[in-house]
Each structure stands twice: as structure tokens, then as C-alpha cells.
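> In our numbering, the protein residues as written are 202 to 697. Attaching a single structure in C-alpha cells format; questions to follow.
Pasting the structure below:
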């Protein structure tokens, strides 16, 4: 894949690779910076140890990502505002000795271990010769992303060059016909795996990447980029649609060709509204965990949208992905029955870094194939499309031993209120029993009426303890609803 990237640098030298801070940067400029960083790393990091990079909102950040990949080392993105403990945990787990910083390093030194060498990318000299790519095998790591761990310690997910090549092969096989004329939206933090598709896929095809500025309101920046810069290809989290909804009547996006959604459940009602807003666009719901390289199932939202509890179908696996649905005993379920979705194939990570217990829990062998447990509950319909039913951990045990799917509670509330911003959380009390609380975003009606409606639709054990109106949902760095923050609000209210 890095050979394809180098070819694209040469073939598209005069074309725009990035648009950032009102400035276009060419492939020639990108190549010059990437080769300088790669050549420097080959000298300074001959063992190809993981290289940290401060994921700042700068062109040199992306040049650094390309440079690290081309040096043969894996990159590890670190947000500049990470708490000290998280940054140090990531650096120690990954074995990072060098951290590249596209911004002044002065303020970073105190948040990183003293043994870490922080190097400003601007200090790396221009490389004068012809850069020669190193030999890289499919098993070599391309990048390592750290996701939240249940113990509070972040989990390191390494993805190899083979994983990445497998994804790109699957992705381009979907028939998008991407050319140098395309303009890609990049709305994700570089610590989130959807960012990899959003910047790397266009670079492989000579297209231009439009990162969303870190400053300001993200959804307004997205709206502005979509319209003013005539974006042709966008991948967004569904939560962004809720923020764009008030502008649906005004949005005019004749250049947009592909609109993909991933990262959380896409709801059919707002997807149908978006269909009306952009009638000439192919809207797709795509699905996949970090452990299976970006995304691995796709569903085209054409005509009547398939749904379960209001959540759009996640479709069929991409070409290099295998699927299996299992029950609690790890055995394949019957046709059409619900179970946990498990994934196999070239996109699946080799396993978590230094975490044998988690690896034993998350991966298993079936018929000589290695599978990853996603923790997501699905069933296959008669067409072989997978219907997403929610997270296994969104199924909670309430008083009386009953099991409740929080997505079902949300679906009924959404149906009555016609709100897209609906979230049920279920903190566990000291007796080990979950109690359901329902948040409604921007709700100005009577909560008792909502409760009354829910009582006509669900048994009493599924009813929320409390219905809470909230002006705006808290979002995490990638634009997803921050359910942990909503749960924390409950404990803060109880302690106040």
C-alpha cells in the first residue's frame, strides 16, 4: 500500500492533497515533508519501534502520518489535550521512544514520560535524495490505536499493513470510482480509526482531503465544508445529522456523491429525511469495530430502508470479511436467530498489545478460522442482510431478573417524541441491578405523558426510573453521544 501512496505522490504532484486553514497543499508539498520525516526516522529509529505523533490540526500532522508509514514504523496518534496519565500509559504500552509534534513541543514535555524524545516536525531537515521505501511485510504494524478499556487502562489495537491493504482492497471493490476530482470530508480525530479511511483512501487516488477544523462548532464547520468546498465524499457519525437537521431545507449539495455513516447506530427516520435532502446521493450505513480495520459491512439506503427498532440495517460483509453469529455458548445460531456478530478475515487485528487475557476473551477459533467477538447483537434476514439489534452490553438485567434492550426503550421514546436525540442509560446500583434512565435532547414537553405512552408499549420492568430533558447531548471527540458522561451526570446529581 505504501508503494501505491508513493506512486500517487508522483502522479498527482501538482494537485491539491489537503485543504486546511484556507490553504491548499499539493501532493508535491506532502511528499517533500513525508519523505523528510521518513528518511529521518529511518536513521533515528532503525528498529522501527512505534512512533508517537501529536494529532494536532496541522498539515504537518498528516505529512507525519505518511512519513511514519513510509519509514516502516507504526504510528500512534496522541491528542495534545490528553491527560498526562493516559498519554504516559499509551507511550509505555506501545514502547514509544520518539514522539513527533507538528506544534511547539514546549507545553507537551510535562505530559509525557521523561524518557520520551519529543521532536518538532518543523525541525526535521528536507531530504535531498530519492527516497527509497523499505521492505514491509503484511505482518508489520501500520498503526496502533488505543481504545477505552474496561479496567480504565486504554487497550492498544495494532493494525498491520496486511489489515490496511485488505481494507483498501475491500473498500475500492465497492465501486466508488474515486478520482483526483473527488473531495473528501475528514471529520474524525486521528485517534479514531474512521480517520484512516477519510485521509488515506483519497490520497491513494489523488483526491483532496478536507479536515474539519478543530476550532469552533464541528457541525457548523462540516456544513460549511460540505457546501462551500463542494465535498463529493463524506463519512460521518450519525449524531452529526441531528445537528444538521435544522438546516435540511436549506442544504444544497449537488456535488455530493457518497454519504456514509458509521460509528454508532443510524436511525431510519433521519436517514430517510437525509435521503430527501440529498436525492442524488448514495447513502450507506457502514459498520465495523477498530479491531476489524475501519469498517467491514455496508448497507445501501435505497428505497425503503430496512430497520430494527428504528436502527438501519448494517448490510452484508465486504469482500475480505467473514461473519459468524454465535450464542452464549459460542455455537452458531439458527437461521434468522439473534446472536453475537463475530468477524474473520484479512481485516482482523492480530490481537491487543500485551493483553493475553483480553485476547483470550475476544478471539476464538471456529472451523480453523480465527474470529473476533464484536459484542454486537445481530440477526440475518432472508436476504442475508444483517440487522443490528444493539450492543450486548446495552442489554441490561433489571429488577426481577428481566433482561432489557436499551435500544428498544429508545425506539419507543423516539417514536412518540419524534426526537432524534434519545438515549437510555442504565447504571448498576449497589445490589447489582440496572436502573434505566431516559434522556431526551431538546425536549420541552411533559415527561409524564412520555412515561404514559411508554407504559402502553412496554412492560413495567422496562420503564425508565426517570425521564430527563437535556438541552444538548454531550459528545465525545468523534461526535458520538457520550453515554458515559450522561451516566456520570446521574451520580453527580445524586451526590449534590
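Quick reminder that beta carbons are idealized off the backbone N, C-alpha and C, glycines included.
Measuring CB to CB, does residue 668 end up less than 8 Å from residue 682?
Residue mapping note: residue 668 aligns to position 467 of the chain shown, counting from 1. Residue mapping note: residue 682 aligns to position 481 of the chain shown, counting from 1. Contact flag unset, no.
> Let me make sure I understand the geometry here. Which of 384, 556, 416, 498 has the alpha-carbon closest to that of residue 401?
Taking the first residue of the chain shown as 1, we reach residue 401 at position 200. It is 384.
> Can you give me the Cβ contacts of residue 328 inside the same chain, cut-off strictly under 7 Å, excluding the 5 residues immediately before and after it?
By one-based count along the chain shown, residue 328 stands at place 127. If we look at residue 328 and ignore the five residues flanking it on each side, its Cβ neighbours are 236, 237, 240.
> Among the candidates 276, 320, 609, 258, whose CA atom is the shortest distance from the CA of residue 282?
Working through the chain shown from its first residue, we reach residue 282 at position 81. The option with the nearest alpha carbon to residue 282 is 258.
> Over the uninterrupted beta strand (DSSP E) stretch that includes residue 320, give me the two end residues.
As a first step, residue 320 must be located in the chain shown, where it is residue number 119. 318–321 is the extent of the beta strand (DSSP E) around residue 320.
> Please go through the same chain and pick out, in chain order, the residues whose beta-carbon is closer than 6 Å to the beta-carbon of residue 367, but skip the five residues on each side of it.
As a working mapping, residue 367 is identified with position 166 in the chain shown. Closer than 6 Å at the Cβ level, and outside the excluded window around residue 367, lie 521, 547, 548.
> Following the continuous alpha helix (DSSP H) through residue 653, name the residue where it begins and the one where it ends.
The residue given as residue 653 occupies position 452 in the chain shown. Start and end: 648–658.
> To the nearest angstrom, how far is it from the Cα of residue 357 to the Cα of residue 275?
Taking the chain shown and counting its residues from 1, one reaches residue 357 at position 156. Taking the chain shown and counting its residues from 1, one reaches residue 275 at position 74. Taking the straight line from one Cα to the other gives about 12 Å.
> Could you tell me the alpha carbon to alpha carbon distance between residue 339 and residue 231, rounded to whole angstroms?
Position 138 of the chain shown, counted from the start, is the residue given in the question as residue 339. Position 30 of the chain shown, counted from the start, is the residue given in the question as residue 231. Roughly 25 Å between the two C-alpha positions.
> Closest by CA to residue 623, which one among 431, 477, 675, 226?
Translated into positions along the chain shown, residue 623 becomes position 422. Considering only alpha carbons, the answer is 675.
> Is the beta carbon of residue 227 less than 8 Å from the beta carbon of residue 375?
Working through the chain shown from its first residue, we reach residue 227 at position 26. Working through the chain shown from its first residue, we reach residue 375 at position 174. No. Outside cutoff.
> If distances are taken between C-alpha atoms only, which option among 269, 315, 255, 344 comes closest to residue 303?
Along the chain shown, one-based indexing puts residue 303 at 102. Of the listed residues, the one whose Cα sits closest to residue 303 is 255.
> Which same chain residues, not among the five before or five after residue 292, have their C-beta less than 7 Å away from its C-beta?
Reading the chain shown from its first residue, position 91 is the one you call residue 292. Contacts found: 253, 313, 314, 317.
> Quick check: the Cα distance between residue 420 and residue 412, rounded to an integer number of angstroms?
Taking the first residue of the chain shown as position 1, residue 420 is located at position 219. Taking the first residue of the chain shown as position 1, residue 412 is located at position 211. Going by the C-alpha atoms only, they are around 13 Å apart.
> Across the region 520–534 and the region 453–472, are there enough close Cβ pairs to call them in contact, namely three or more that are closer than 8 Å?
The answer is no - the region 453–472 does not touch the region 520–534, with fewer than three Cβ pairs under 8 Å.
> Using a threshold of 8 Å, state whether the C-beta atoms of residue 587 and residue 502 are closer than that.
Here residue 587 is taken as the residue at index 386 of the chain shown, counted from 1. Here residue 502 is taken as the residue at index 301 of the chain shown, counted from 1. No, the pair does not count as a contact, with Cβ atoms beyond the cut-off.
> For residue 702, count the other beta carbons within 10 Å of its own beta carbon; 16 or more makes it buried, fewer makes it exposed. Which is it?
Only positions 202 to 697 of the chain appear in this structure, which leaves residue 702 out of reach.
> Could you give the DSSP three-state label for residue 564: helix, strand or coil?
What you label residue 564 is simply residue 363 of the chain shown in a count that begins at 1. Looking at residue 564 - three-state DSSP - the assignment turns out to be strand.
> What are the boundary residues of the alpha helix (DSSP H) that includes residue 616?
If you number the chain shown from 1, residue 616 lands on position 415. Its alpha helix (DSSP H) spans residues 607–618.
> Is it right to say residue 418 is buried, meaning 16 or more other beta carbons lie within 10 angstroms of its own, or is it exposed?
Numbered from its first residue, the chain shown carries residue 418 at position 217. Looking at its Cβ environment, which holds fewer than 16 other Cβ atoms inside 10 Å, residue 418 is exposed.
> Using 8 Å as the threshold, is the region 638–648 in touch with the region 478–494, meaning 3 or more CB pairs across them?
Cβ pair count under 8 Å is below three, so no.
> When you compare each of 386, 404, 355, 344 to residue 373 by their alpha carbons, which one comes out closest?
Reading the chain shown from its first residue, position 172 is the one you call residue 373. With distances taken between Cα atoms, residue 373 lies closest to 404.
> So, residue 145 versus residue 599, is the Cβ gap smaller than 8 Å?
Residue 145 lies beyond the range of the chain shown here (202 to 697); nothing can be said about it.
> For residue 574, is the classification buried or exposed, using 16 other Cβ atoms within 10 angstroms of its Cβ as the cut-off for buried?
Mapped onto the chain shown, residue 574 falls at position 373. By the neighbour-count rule (16 or more Cβ atoms within 10 Å), residue 574 is buried.
> Within the same chain, show all residues whose beta-carbon is closer than 7 Å to that of residue 509, passing over the 5 residues directly before and after it, in chain order.
As a working note, residue 509 is residue 308 in the chain shown. Excluding sequence neighbours, residue 509 sits near 588, 589, 590.
> Residue 656: buried (16+ other C-beta within 10 angstroms of its C-beta) or exposed?
Walking along the chain shown from the start, residue 656 turns up at place 455. It counts as exposed.
> Alpha carbon to alpha carbon, what distance is there between residue 392 and residue 280?
Numbered from its first residue, the chain shown carries residue 280 at position 79. Numbered from its first residue, the chain shown carries residue 392 at position 191. Taking the straight line from one Cα to the other gives about 7 Å.
> Looking at C-alpha atoms only, which residue of 496, 545, 390, 679 is the closest neighbour of residue 569?
Here residue 569 corresponds to residue number 368 of the chain shown, with the count starting at 1. When only C-alpha atoms are compared, the closest one is 545.
> CA-CA distance, residue 221 and residue 606?
Within the chain shown, numbered from 1, the residue matching residue 221 stands at position 20. Within the chain shown, numbered from 1, the residue matching residue 606 stands at position 405. So the alpha carbons of these two residues sit roughly 42 Å apart.
> Taking only runs that begin and end inside the region 263–308, name each unbroken alpha helix (DSSP H) of 4 or more residues, in chain order.
Within the region 263–308, the complete alpha helix (DSSP H) runs of at least 4 residues are 285–295.
> Here's the rule: buried if 16 or more other CB atoms are within 10 angstroms of the residue's CB, otherwise exposed. What is residue 448?
For this step, residue 448 is matched to residue 247 along the chain shown. Counting Cβ neighbours within 10 Å, residue 448 comes out exposed, since fewer than 16 surround it.
> Please classify residue 555 as buried or exposed, where buried requires at least 16 neighbouring CB atoms within 10 angstroms.
Residue 555 sits at position 354 when you count from the first residue of the chain shown. So residue 555 ends up on the exposed side.
> State the DSSP-derived secondary structure class of residue 474, mapped to helix, strand or coil.
Counting from one through the chain shown, the residue named residue 474 turns up at place 273. Residue 474: helix per DSSP, three-state reduction.
> Between 496, 663, 249, 559, which lies nearest to residue 355 when the distance is taken from Cα to Cα?
Along the chain shown, one-based indexing puts residue 355 at 154. It is 559.
> Inspect the beta-carbon positions of residue 552 and residue 564 and report whether they are closer than 8 Å.
Position 351 of the chain shown holds residue 552. Position 363 of the chain shown holds residue 564. Contact: yes.
> Pull up the distance between the alpha-carbon of residue 465 and that of residue 331, whole angstroms please.
Along the chain shown, one-based indexing puts residue 465 at 264. Along the chain shown, one-based indexing puts residue 331 at 130. Taking the straight line joining both Cα atoms gives about 44 Å.
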